[in-house]
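Note that the working numbering has the sequence shown beginning at 1, numbered continuously upward. Yeah, the Cβ is synthetic: ideal placement off N, Cα and C, and Gly gets one too. These numbers come from a predicted model, not from an experiment.
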Amino acid sequence: MASAMLALGPQAMAQAKAKAGGMPLLLPPRLKAGDTVGLIEPASATWEPFAIQLIEEALGNLGLKSKRAHNILDRDGYFAGDDKARADGVNQMFGDPDVNAIMSVRGGWGTARILPHLDFDLIGLNPKALIGYSDITALHLAIQAKTGMVTFHGPVGISAWGKQSLETFKPLLFDAATPDYVNPVATEDRLVQRKWRTQTITPGTARGRLLGGNLTVMTALVGTPYLPSFDGAILFFEDIDEAVYRVDRMLTQLGQAGVLGRVAGVIVGNCTDCSQGSSIGGFTLTEVLDHHLKPLGVPAFTGAFIGHLTDQFTVPEGGLVELDADTGTFRLLEPAVR
1 MASAMLALGP QAMAQAKAKA GGMPLLLPPR LKAGDTVGLI EPASATWEPF
51 AIQLIEEALG NLGLKSKRAH NILDRDGYFA GDDKARADGV NQMFGDPDVN
101 AIMSVRGGWG TARILPHLDF DLIGLNPKAL IGYSDITALH LAIQAKTGMV
151 TFHGPVGISA WGKQSLETFK PLLFDAATPD YVNPVATEDR LVQRKWRTQT
201 ITPGTARGRL LGGNLTVMTA LVGTPYLPSF DGAILFFEDI DEAVYRVDRM
251 LTQLGQAGVL GRVAGVIVGN CTDCSQGSSI GGFTLTEVLD HHLKPLGVPA
301 FTGAFIGHLT DQFTVPEGGL VELDADTGTF RLLEPAVR
């Protein structure tokens with residue numbers, strides 16, 4: 001089987017391995033000083049040159065150079081160019097031998113629209129650390145489904161890049177470290193931690209490949225060829241500005257589509273500004289999470305330092321992790337870069 005698989009392209013190889021019962025895993029090279037990061041805009045537009053300048057300066061302070069995809073600062077309605085142009089920007093950065101890693105300038109909306117135009121064989125033959133979150137979830141999951149390559153759910157270029165973000169970003173990507181993901185303690189906390197506090201939904205520990213991202217984007221991929229298998233995975237999700245009933249609806253869809261029933265554990269990040277609304281007798285977010293996750297009978301906790309926050313964890317999509325729902329922590333069990 002091994003010799004036969006060598007003749008397959010990366011996409012076919014990933015699918016063949018999946019059918020054989022193993023989750024494919026393709027590691028990108030680690031970052032080092034002097035490397036070049038390709039900047040992409042697969043979704044919404046950024047039309048202020050100063051924003052790009054700040055990103056390039058931030059990367060420079062990490063010892064990295066940058067290179068812009070051809071559609072940076074382009075605009076087509078609310079997109080950074082039309083679908084083909086945005087996809088070409090992604091293909092360009094993966095195919096460029098001078099580019100060592102790839103970062104999305106921002107999220108927004110539109111990444112899912114470019115997926116049919118991506119060259120997944122090219123991407124699989126040129127593994128590079130892809131970094132971003134929010135709408136970039138569509139790109140993370142599609143690449144995982146089509147190539148098995150580990151990518152990184154973490155800051156986008158326009159993120160704040162504070163100290164707490166760098167505490168996982170740099171060791172993970174530069175040093176091939178295997179971090180323990182423990183929420184920071186806010187300086188204003190005194191006897192009891194309130195901010196960035198985790199809550200156990202179902203106690204226990206579990207191991208699996210980490211898969212997920214933005215709940216809205218992930219749910220929209222159900223029924224497409226761009227959603228990877230969640231068999232035995234550790235699901236993680238976050239969101240922003242979603243009413244609780246919409247979170248309920250999305251988790252209902254994931255459950256009825258068979259996604260939730262396949263996972264080994266669940267890590268819920270932050271649902272920023274996800275309000276109950278003004279309806280009388282409505283459910284809280286905590287109640288909705290309990291309704292959907294407790295019946296699964298797998299370890300689960302909420303409040304992980306993931307999502308639309310000023311700072312956030314950088315976590316490897318496809319990396320092998322162990323979660324401890326009792327302590328609200330998880331850890332990477334093997335390097336996510338080579």
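In the assembly as shown, Trp161 is a buried residue. Its beta-carbon has 16 or more other beta-carbons within 10 Å.
Taking a 10 Å sphere around the C-beta of Ser44, we find 16 or more other C-beta atoms and assign the residue as buried. A Cβ-Cβ contact shorter than 8 Å links Leu215 with Val247. Ala33 counts as exposed, since fewer than 16 other beta carbons sit within 10 angstroms of its beta carbon. The three-state reading of DSSP puts Glu57 in helix, counting H, G and I together. By the neighbour-count definition (other C-beta atoms within 10 Å, threshold 16), Phe237 is a buried residue. Just measuring C-alpha positions, the residue of Asn71, Val244, Phe305 sitting nearest Gly213 is Phe305. Proximity of the segment 144 to 157 to the segment 180 to 196 falls short of the contact definition, fewer than three beta-carbon pairs being nearer than 8 Å. By the neighbour-count criterion, in which 16 or more other beta carbons inside 10 Å mark a residue as buried, His70 falls on the exposed side. In this structure, DSSP gives Val266 an extended state, which the three-state scheme calls strand. The criterion of a C-beta distance shorter than 8 Å is satisfied by Pro127 and Leu27. The way I'd put it, the segment 98 to 110 does touch the segment 128 to 143; three or more beta-carbon pairs between them come closer than 8 Å. Listed in chain order, the beta strand (DSSP E) runs fully inside the segment 184 to 229 are 199 to 202, 205 to 214, counting runs of at least 3 residues. Going by C-alpha positions, Leu285 is about 37 Å away from Ile72. Counting only residues of its own chain and dropping the five nearest sequence neighbours on each side, Glu242 has a CB closer than 6 Å to the CB of Cys274. The Cβ neighbour count for Ala145, taken over all protein chains shown within 10 Å, is at least 16; the residue is labelled buried.
Under the DSSP assignment, Asp248 falls in the alpha helix (DSSP H) whose first and last residues are 244 to 256.
In the three-state scheme derived from DSSP, where H, G and I count as helix and E and B as strand, Lys32 is classed as coil. Tyr78 counts as exposed, since fewer than 16 other C-beta atoms from the protein chains shown sit within 10 angstroms of its C-beta. Under the DSSP assignment, Phe120 falls in the alpha helix (DSSP H) whose first and last residues are 120 to 125. Counted as a single uninterrupted DSSP element, the stretch harbouring Pro171 is not any beta strand (DSSP E) but the alpha helix (DSSP H) occupying residues 163 to 174. Thr302 places its beta carbon less than 8 Å from that of Val268. When beta bridges are read from the DSSP output, Thr329 appears opposite Asp324. In the assembly as shown, Gln53 is an exposed residue. Its beta-carbon has fewer than 16 other beta-carbons within 10 Å. Looking at the DSSP output, Ala87 bridges to nothing.
Here DSSP, grouped into helix, strand and coil, assigns Gly261 to helix.
For Phe330, the closest of Pro299, His308, Ile240, Gly307 by C-alpha to C-alpha distance is Pro299.
By the neighbour-count definition (other C-beta atoms within 10 Å, threshold 16), Phe152 is a buried residue. Beyond the five residues adjoining it in sequence on each side, Gln199 comes within less than 8 Å, by CB distance, of Thr286, Phe301, Thr302, Gly303, Gly328 in the same chain, given in chain order. Under the DSSP definition of a beta bridge, Val315 partners with His153. In the displayed model, Arg338 falls within coil according to three-state DSSP, outside both helix and strand. One thing to note: Leu118 has its Cβ within 8 Å of the Cβ of Val90.
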